[in-house]
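**Student:** Here it is, the structure in full.
Laid out in structure tokens, this is it:
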């Protein structure tokens with residue numbers, strides 16, 4: 739029997755050294771707040787909300803090394819450049835400013851080295 743519902747993202751999950759600290763960084767980036775009960779081992783943003791939950795946790799073993807396997811692309815509106823500057827001021831490391839075929843974006847590293855990007859609106 740086929741389902742008429744589609745799959746949707748329920749949660750973004752980060753392995754990290756300090757869940758509360760990384761959740762606080764991302765909460766500021768997203769202009770949201772960390773859920774109550776955050777600790778160095780586990781924290782969430784938006785667990786009881788309608789959108790995807792952001793979950794941060796310490797892994798059982800060592801943290802994986804190398805580039806993260808999931809890259810977040812945040813869509814900026816007309817103020818995308820100001821948002822990029824705001825995120826950098828929050829503690830993200832600005833890696834590069836890019837443009838290709840009219841598409842513009844900035845690459846960042848969060849405080850634990852995870853790569854993410856902020857994009858300008860799509861060209862018309």
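In the working numbering, the protein residues as written are 739 to 862.
In this text, a Cβ means the ideal position worked out from N, Cα and C, and glycines have one as well.
For residue 860, which of helix, strand or coil comes out of DSSP?
**Tutor:** On the chain shown, residue 860 is found 122 positions in, with the first residue counted as 1. Here residue 860 sits in coil by DSSP.
**Student:** Just the C-alpha distance for residue 796 and residue 845, rounded to the nearest angstrom, thanks.
**Tutor:** As a working mapping, residue 796 is identified with position 58 in the chain shown. As a working mapping, residue 845 is identified with position 107 in the chain shown. Distance between the alpha carbons of residue 796 and residue 845 is about 25 Å.
**Student:** Which first and last residues belong to the alpha helix (DSSP H) in which residue 762 is found?
**Tutor:** The sequence position of residue 762 within the chain shown is 24, counting from 1. Its alpha helix (DSSP H) spans residues 757-768.
**Student:** Among 861, 843, 806 and 862, which has the Cα closest to the Cα of residue 855?
**Tutor:** Sequence index remark: in the chain shown, residue 855 carries index 117 (1-based). Nearest C-alpha to residue 855: 843.
**Student:** Does the segment 775-785 touch the segment 809-820, meaning 3 or more C-beta pairs lie closer than 8 Å?
**Tutor:** Output reads no: the segment 775-785 does not touch the segment 809-820.
**Student:** Mapping the DSSP letters down to three states, classify residue 819 as helix, strand or coil.
**Tutor:** Against the chain shown, residue 819 aligns to sequence position 81. Three-state DSSP puts residue 819 in a helix.
**Student:** Excluding five sequence neighbours on each side, which residues of the same chain lie with their C-beta closer than 7 Å to the C-beta of residue 831?
**Tutor:** On the chain shown, residue 831 is found 93 positions in, with the first residue counted as 1. Same-chain partners within the cutoff: 846 and 847.
**Student:** Let me make sure I understand the geometry here. Which of 857, 860, 850 and 790 has the alpha-carbon closest to that of residue 756?
**Tutor:** Within the chain shown, numbered from 1, the residue matching residue 756 stands at position 18. Comparing Cα-Cα distances from residue 756 to each of 857, 860, 850 and 790, the minimum goes to 850.
**Student:** Determine the extent of the beta strand (DSSP E) in which residue 753 is found, giving its start and end residues.
**Tutor:** Numbered from its first residue, the chain shown carries residue 753 at position 15. Start and end: 749-753.
**Student:** Determine the contact status of residue 834 and residue 793, defining contact as a CB-CB distance below 8 Å.
**Tutor:** Position 96 of the chain shown holds residue 834. Position 55 of the chain shown holds residue 793. No, they are not a contact pair.
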